[in-house]
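Residue numbers (the numbering used here), protein chains in the order written: chain A, 1 to 439; chain B, 1 to 439; chain C, 1 to 439; chain D, 1 to 439. Backbone N, C-alpha and C define an ideal beta-carbon position, used for all residues, glycine too. These figures come from a predicted structure and were not determined experimentally. Scroll down for the structure; my scribbles are underneath it.
Number of protein chains: 4
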Amino acid sequence: MSVRETPQIDSAAGKLGVLLPGLGAVSTTFIAGVEMIRKGLTPPIGSLSQMSRIRLGKRTENRNPLIREFVPLAGLDQLVFGGWDIYEDNCYEAALKAGVLSPEHRETVRPLLESIAPMKAVFEQRYVQRINGPNVKQGKNKRELAEALIQDIADFKAANGCDRCVMVWCGSTEIFQKAGDVHSSLEKFEAGLEASDPDIAPSQIYAYAALKSGVPFANGAPNLTVDTPALQELAKLNKLPIAGKDYKSGQTFMKTLLAPGLKARMLGLSGWFSGNILGNRDGEVLDEPANFKTKEDSKLSALDVIFQPKFYPELYKDYFHKVRIEYYPPRGDNKEGWDNIDIFGWMGYPMQIKVNFLCRDSILAAPLVLDLALFMDLANRAGMSGIQEWLSFYFKSPMAAKEIYPEHDIFIQLMKMKNTLRWMKGEEMITHLGLEYYD
Amino acid sequence: MSVRETPQIDSAAGKLGVLLPGLGAVSTTFIAGVEMIRKGLTPPIGSLSQMSRIRLGKRTENRNPLIREFVPLAGLDQLVFGGWDIYEDNCYEAALKAGVLSPEHRETVRPLLESIAPMKAVFEQRYVQRINGPNVKQGKNKRELAEALIQDIADFKAANGCDRCVMVWCGSTEIFQKAGDVHSSLEKFEAGLEASDPDIAPSQIYAYAALKSGVPFANGAPNLTVDTPALQELAKLNKLPIAGKDYKSGQTFMKTLLAPGLKARMLGLSGWFSGNILGNRDGEVLDEPANFKTKEDSKLSALDVIFQPKFYPELYKDYFHKVRIEYYPPRGDNKEGWDNIDIFGWMGYPMQIKVNFLCRDSILAAPLVLDLALFMDLANRAGMSGIQEWLSFYFKSPMAAKEIYPEHDIFIQLMKMKNTLRWMKGEEMITHLGLEYYD
Amino acid sequence: MSVRETPQIDSAAGKLGVLLPGLGAVSTTFIAGVEMIRKGLTPPIGSLSQMSRIRLGKRTENRNPLIREFVPLAGLDQLVFGGWDIYEDNCYEAALKAGVLSPEHRETVRPLLESIAPMKAVFEQRYVQRINGPNVKQGKNKRELAEALIQDIADFKAANGCDRCVMVWCGSTEIFQKAGDVHSSLEKFEAGLEASDPDIAPSQIYAYAALKSGVPFANGAPNLTVDTPALQELAKLNKLPIAGKDYKSGQTFMKTLLAPGLKARMLGLSGWFSGNILGNRDGEVLDEPANFKTKEDSKLSALDVIFQPKFYPELYKDYFHKVRIEYYPPRGDNKEGWDNIDIFGWMGYPMQIKVNFLCRDSILAAPLVLDLALFMDLANRAGMSGIQEWLSFYFKSPMAAKEIYPEHDIFIQLMKMKNTLRWMKGEEMITHLGLEYYD
Amino acid sequence: MSVRETPQIDSAAGKLGVLLPGLGAVSTTFIAGVEMIRKGLTPPIGSLSQMSRIRLGKRTENRNPLIREFVPLAGLDQLVFGGWDIYEDNCYEAALKAGVLSPEHRETVRPLLESIAPMKAVFEQRYVQRINGPNVKQGKNKRELAEALIQDIADFKAANGCDRCVMVWCGSTEIFQKAGDVHSSLEKFEAGLEASDPDIAPSQIYAYAALKSGVPFANGAPNLTVDTPALQELAKLNKLPIAGKDYKSGQTFMKTLLAPGLKARMLGLSGWFSGNILGNRDGEVLDEPANFKTKEDSKLSALDVIFQPKFYPELYKDYFHKVRIEYYPPRGDNKEGWDNIDIFGWMGYPMQIKVNFLCRDSILAAPLVLDLALFMDLANRAGMSGIQEWLSFYFKSPMAAKEIYPEHDIFIQLMKMKNTLRWMKGEEMITHLGLEYYD
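See the structure below:
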């Protein structure tokens, strides 16, 4: 199948630092959950890396190891956590404000949460307009801010005895931005840091600092960040994996289940309306049109790739697609999606599907942070650098090589991930052909 | 991948008779739609065989032929239709009563529909308790009924100049039944026909007649039919493909999109309630508990296979699953599904998904009839006999080889189907590994 | 308006015993809530008697006293609680099993809940088939059982220093029953008690004991109970108020909001499907068809009375109405209703309404218990005996005088209740005419 | 009850002209439906004036006449239709574009629809920004435009032999506007017409022209129009009834059913989110924020009045209320509302209600146009001038006398309307006390 050879994978031994820009609802829920799992108080629900099995060989061979036993992942006991935030709250206080955890859960992991105080953040008001906080770095230009982050990473590694780190973005959505001249090469980017170019967003400074420090970077927001030539050049140069962007956790997750199904059956689409109500800090940030635009762009992209209107003009050329997010404080972190899908079938007859998803934003996102931290570290140890397309499974807007379209269909993404894992270990690809059972 | 060689496929030339036991809502909608397509009045929406493309080679090769141009399928102009029903209505009258088609569509294809009158049906009240009709065969025993059907098939072929036929069951759901002694071998089955064994259901007599006549048989209802050793023995003997069972068209279609998605993300399931309201003849038949039991069994089976509770006890061992179908005449053929899904994520926090599917029963089923007719004929010409697992995509309760579990995940089913088509034509399997784009 | 004079109302001073047959989810939630209110920890949400105001005179007069300050109700501090149950659990243990209350709430009121142990119940398996318990009275016939209850009431009053009592049924739904010969007069009923007539249900023995003890009786279940000539005769004889039946708390509450609205606008109805999923003991009892029949009958009746098909045959003659309750354990006490309503408007065009009510059974019912206890006591002190039609507001199947139809429209019920309260205090009726503002 | 005497009502004989500013979806659906009713092809579904009965006296008297037989309304055969629009399409062409009517219905009433061509409209782009059309009056100032409308009315009456006219606004929503100085008196308003004051909106010019011509005016949009001192002064001066504003047809209709129900039960409200998707011209106009603001204001107002947060701060002080309308072309005139209601009950436990209303905008609005036309004419003949509060039933933002709050509760509105009709005919008010049945 592939011409590439099975890779050599370095040992997972030692401590793995998980560095989180943004210590809000998602990060604190992630840390609290890992701690609960380490105490044996909950299984790692929602984490494919921890709970999922992978089928090897034929269905009759009954070989289905856990993924975490099949590939050499860092164990949860090896993880240590750190991060940055514009508020001074430690993780316990931040969790209290986020209101995601039950009092019982929150108190159980209080010592660990209280021990994690945020490092001063790199922040620029114009990129996230609805919030502001006091815990912010000062510097004469953006280069100095980057260097301060690099120093933070080095200090963190030393203080915690880490062998390796990964960085997973858990901060806010920044305003919409297209790659500009300053993002076109590493050289221009570094000149831009010096000149405090306004087109360099805070998230890009974090990613730059990570990659300069030998730390893989995964992007959980729809921000541009590593989706630029400059930072991809740096990743290649330092042989580091990067991945993104925007956790696929709630409504888009559902959409990338349903859309491939409708497509599989060649059912036409006349319209898809996706409404959301959401009451947490994320909802507040996205109430600002410039920030919502970034999220909207990310949420809109999946359908076109899945439906391939150019191949199927009679079915998908003219569908109307609208995504809305409404700030609705009564729900707090409990997000609710309402989708209305107008389809048409045989002879053009119309039908409708409505999906009402009463979900929890951070509960869905937290295990993705865990998986990304562990798989990015694995990729790094396996010598896989640049864009990790096999982690598309986790993202609303998966990054892909320039010449190809990204894969949005969650089932193709899963297949891609599992066959990548099989390939890493020299196992045969699964194709589901299965004629052998009928010979 | 497979040790089997690329098969030789006979030409698709000549007329293909499509024989339909049951000329009700589904059959008449199917026939009307094919006629509309032949007249160029509608694209074949919902039909994978007609509209879908298949990717060949790498994403960068841009080879995506239509399936119907990739494998040698019979063309729609080659199809002729016939069938049996317990009512004497011709297809136009039956369509009028079914109320699926708009007056405009119905009148457009009136000449063809009026030309198709039902042959006398084999029927036994105890298998379908809520309906009865006058257009029924008499015979001294079930063997005579089978012979009458065999004669019908021969007469139909002769009268219509057919080169080949396929039979696709579009009749009612029979009462729940497990394979008994009479189904354990072809010999016992034939003795049972002679003795009019009460365990031989009408659908089995149709399937027997088809297979004796060299006609592939696909089973669109959850009835036992060809899911028995006796009839599988006959299929093997006569080298004929069989497939089943129960069209996966509405709610179960949606469930087999959602369940693999939840499973992919390792989200736990505490309960799944599936309600339906339905006002057509199908709803009326299923209002009888003995018939509903057959449908219920078929609808319940998918989740267990997808969720694999034995591998994932913490997530899927104890979920509560209930399926209800409520006869609700105001809707006619417009079926409505309402699913409530109780899931739990990270740290055990509960979430809910509700899906409300306002669908149309026959509109969803009709293109499946078309695809099954064409693919069964293709399999037959390719020398593929016995259970066609690659057509699992179309069924709620896919039949599979004895030693393996059936695949219910619609995306695995699609992969299986497409890789089977690739195999038929000697193309490389798709695994979605895709490392080559990053070298 | 009325020829009747403003009544004399006796003082509400002294202790009021609230006697509850059935100490399960509803009763324990009711008691816990009253205790929380008495401690000032929650307002009495859901209780019209405690929170609602009543407008008096013109809109410009601004007279809107609280109902509990307008009419002389017993105060919450005057209430003492007692009851019967077939299980031996005290109210704390019962609340724990019911799973309605949060741990925090439950522990706050633990002392009071633990102090209330159930008296031995009168129970007969055939009336409630899915449950059974050990805490049951024995007696040689039903008369002895009645006398034991009368003794219980006397003992309870003495032990708790009660001035007055009211009884509010909070037990299970019994199997469906129509009034028979034994219910046709008090004399026959008493003979039936002696003979242990199988047609005398346990709830009827409770009601008999209450009325014999001078205690008003309100019926929170759809059981026949006081909806019989025999017990109405006893109520009249002893000048006691009675009311019923079946708390209107969840789905039927919603239906009696929506139906009057559709009717007000003369929108036609072709079908109304009401599904429920419910996981508590109530759901378990109603999984038995004979018990469900009683509930179904109660739930079905409202629409016909509201829509008046005989006056509006073009709109309401032929609508299809179906009510289902599905036992679904994952939800526990959290009930969920899903209604689909098919309506038609101008020129007959169809439209649909779906209502998904994620409610909590006992949370909705508990404040109704409180209001009924207080208003029944008020009625008793005001000398209002027999059926209290003005309390129809609280019931799915309101009892009414023989010659008239019951009122199901919740807004007419509310008007009736408020004008009754105004009448009790000699205030002018409100008619909403309001021409005076425009003179 | 009222000190006012039963009014003298003039005869309804002669032709009644119904003048409609705006000949789009609502108007053409209204006219088509009236014509279908006149031909006996459909009952007048949705029209209270035509179909509803009114109870008189006691429930046992069985006096329930049809409203149209109880009060002297104009008959449908007496109606003639005219109107203005910015497009030149006659009503048949406009109905074709609106896409509300089935081809069958549309063709049945084609002659009447084709005979009604729009008079040239008064239009000002800045008030309705998303649409524009060629069929527009020119004039040197707004006074001339008003005079042209007055001339249109006179010409229409003469040409059609009308004895009386009513004007019912069926045009677009104008941008949000508060009453300014030019609206503060009739004198200033007339000076403003002369000066073409930019604060005088087109709808106000229509209303002015109507009232100058002796024609009652009802306002079906949320526009300011007659909700100003200037035009109310003119109505009083000419003794003409006025009413408004904004047809209560879809989502707000549902909200004013549900909100009074929640309030009646003293259930608390933490949030209410109302989303809409809508694909017709109305949706297009409201896609402009300035126009949406007018509609939003109208849609938001009902809840506060119904819930009375100042009386019930513990239940209703802090609820979050958001209304959104999303332009979604795939649905055309078929509007869909999705409401999420977060409530809390006993002890503060939260519950949720979701309402999904698949409605049809014009089908719901059309019968309101009919009722308003007939009742405004009735009021006029009964000498009832100024604001007709008894017609609040039909409006989202009912106009009311200055010193009182408007009534939004649809059941109080219905009571008010029916008791007003009873009063007009000297019948006793209904209070629902009903003690007489129990004496």
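Quick check: what's the CA-CA separation for V3 (chain B) versus M429 (chain A)?
With a pLDDT of 47 at V3 (chain B), under the threshold of 50, the predicted position of this residue should be treated as unreliable, and no value is reported.
How many angstroms separate the CA atom of D333 (chain C) from the CA atom of G279 (chain C)?
Computed Cα separation, rounded: 6 Å.
Look up F273 (chain D) in the DSSP assignment and give the residues it is bridged to.
D:K322 and D:N340
Give a single yes or no on whether A148 (chain A) has its beta carbon closer than 7 Å to a heavy atom of the ligand COA.
As far as ligands go, the structure on display features none, and thus does not contain the ligand COA.
Beta carbon proximity, T420 (chain C) to chain E, threshold 8 Å
The structure shown contains no chain E; its protein chains are A, B, C and D.
Along the chain, where does the alpha helix (DSSP H) that runs through K157 (chain B) open and close?
K142 to N160
CB contact check: G275 (chain D) to chain A, cutoff 8 Å:
By this cut-off, G275 (chain D) is an interface position.
Name, going along the chain, the residues of the region 58 to 71 of chain B whose beta-carbon falls closer than 7 Å to a beta-carbon of chain A.
R59, T60 and N64
Tell me which same chain residues have a C-beta within less than 6 Å of the C-beta of G133 (chain B), skipping the five on either side of it?
I86 and Y87
Who are the Cβ neighbours of T29 (chain B) in its own chain at under 6 Å, not counting the five residues just before and after it?
V100, S362 and A366
Which residues of chain A have a Cβ atom closer than 9 Å to the Cβ of R360 (chain B), listed in chain order?
Within chain A, the residues near R360 (chain B) are G345, W346, Y349, P350 and M351.
If you measure beta-carbon to beta-carbon, which residues of the region 10 to 26 of chain B are closer than 9 Å to chain A?
none
Using only the alpha-carbon positions, how far apart do F217 (chain A) and K293 (chain B) sit?
53 Å
Proximity of P222 (chain B) and S298 (chain B) at Cβ, strictly below 8 Å:
yes
Buried or exposed (CB count within 10 angstroms, at least 16 for buried), D342 (chain B):
buried
Compare the beta carbon distance of V305 (chain B) and P406 (chain B) with 8 Å and say whether it is the shorter of the two.
Less than 8 Å divides the Cβ of V305 (chain B) from the Cβ of P406 (chain B).
F411 (chain D) versus chain C: which residues are under 7 Å apart at the beta carbon?
P260 and F411
To the nearest angstrom, how far is it from the Cα of M1 (chain C) to the Cα of S27 (chain D)?
Per-residue confidence for M1 (chain C) stands at a pLDDT of 36, beneath the threshold of 50, marking its modelled position as unreliable; no derived number is given.
Neighbouring residues, chain C, relative to W338 (chain B) (Cβ below 9 Å):
G275, W338, N340, K354 and N356
Give a yes or no on whether 8 Å exceeds the smallest Cβ distance from V3 (chain B) to chain A.
At V3 (chain B), the pLDDT of 47 sits below 50, so the modelled position is not reliable; the number obtained from the coordinates is stated separately. Answer yes: the Cβ-Cβ gap between V3 (chain B) and chain A drops below 8 Å somewhere.
Is Q251 (chain D) near F357 (chain D), with beta carbons less than 8 Å apart?
Taking 8 Å as the Cβ cut-off, Q251 (chain D) and F357 (chain D) qualify as a contacting pair.
N- and C-terminal bounds of the alpha helix (DSSP H) containing L112 (chain C):
Element bounds for L112 (chain C): R110 to S115.
Scan the region 266 to 295 of chain D for residues whose Cβ lies nearer than 8 Å to a Cβ of chain A and list them as they occur along the chain.
S270, G271, F273, G275 and I277
Proximal residues to E114 (chain B) (C-beta, below 6 Å), its chain only, five neighbours per side dropped
The answer, listed in chain order, is N90 and Y92.
Does DSSP put P350 (chain B) in a helix, a strand or coil?
P350 (chain B) falls in the strand class under three-state DSSP.
Would you say P367 (chain C) faces chain B, with C-beta separation under 8 Å as the test?
no
Compare the C-alpha of G337 (chain D) against each of D:G345, D:F344, D:W346 and D:Y327 and name the closest.
D:Y327
Beta carbon proximity, E316 (chain A) to chain B, threshold 8 Å
One detail in the question is off: residue 316 (chain A) reads as Tyr in this sequence, not Glu. Y316 (chain A) does not count as touching chain B.
Under the assumption that N141 (chain C) contacts S196 (chain C) (Cβ atoms under 8 Å), give the Cβ distance between them as a whole number of angstroms.
The pair is a contact, with the Cβ atoms about 4 Å apart (cut-off 8 Å).
Which word fits Q441 (chain A), buried or exposed, when buried means at least 16 other C-beta atoms lie within 10 angstroms of its C-beta?
Beyond the ends of chain A as shown, which are 1 and 439, falls residue 441 (chain A); an answer cannot be given.
Which residue wins for smallest C-alpha separation from V215 (chain A), given the options A:D199, A:A235, A:D227 and A:L224?
A:A235
Under 8 Å, with one C-beta from each stretch per pair, do the region 384 to 392 of chain C and the region 409 to 418 of chain C reach the 3-pair mark?
Result yes; three or more Cβ-Cβ pairs closer than 8 Å.
For a contact defined as C-beta to C-beta under 8 Å, what are the partners of A94 (chain C) on chain D?
What A94 (chain C) touches in chain D: nothing, since even the nearest Cβ is about 17 Å away.
Interface residues of chain C around R53 (chain D) at Cβ under 7 Å?
F311
For the region 348 to 384 of chain B, list the beta strand (DSSP E) runs that are entirely contained and at least 3 residues long, ordered along the chain.
Note on the region 348 to 384 of chain B: whole beta strand (DSSP E) runs with a minimum of 3 residues are 350 to 358, in chain order.
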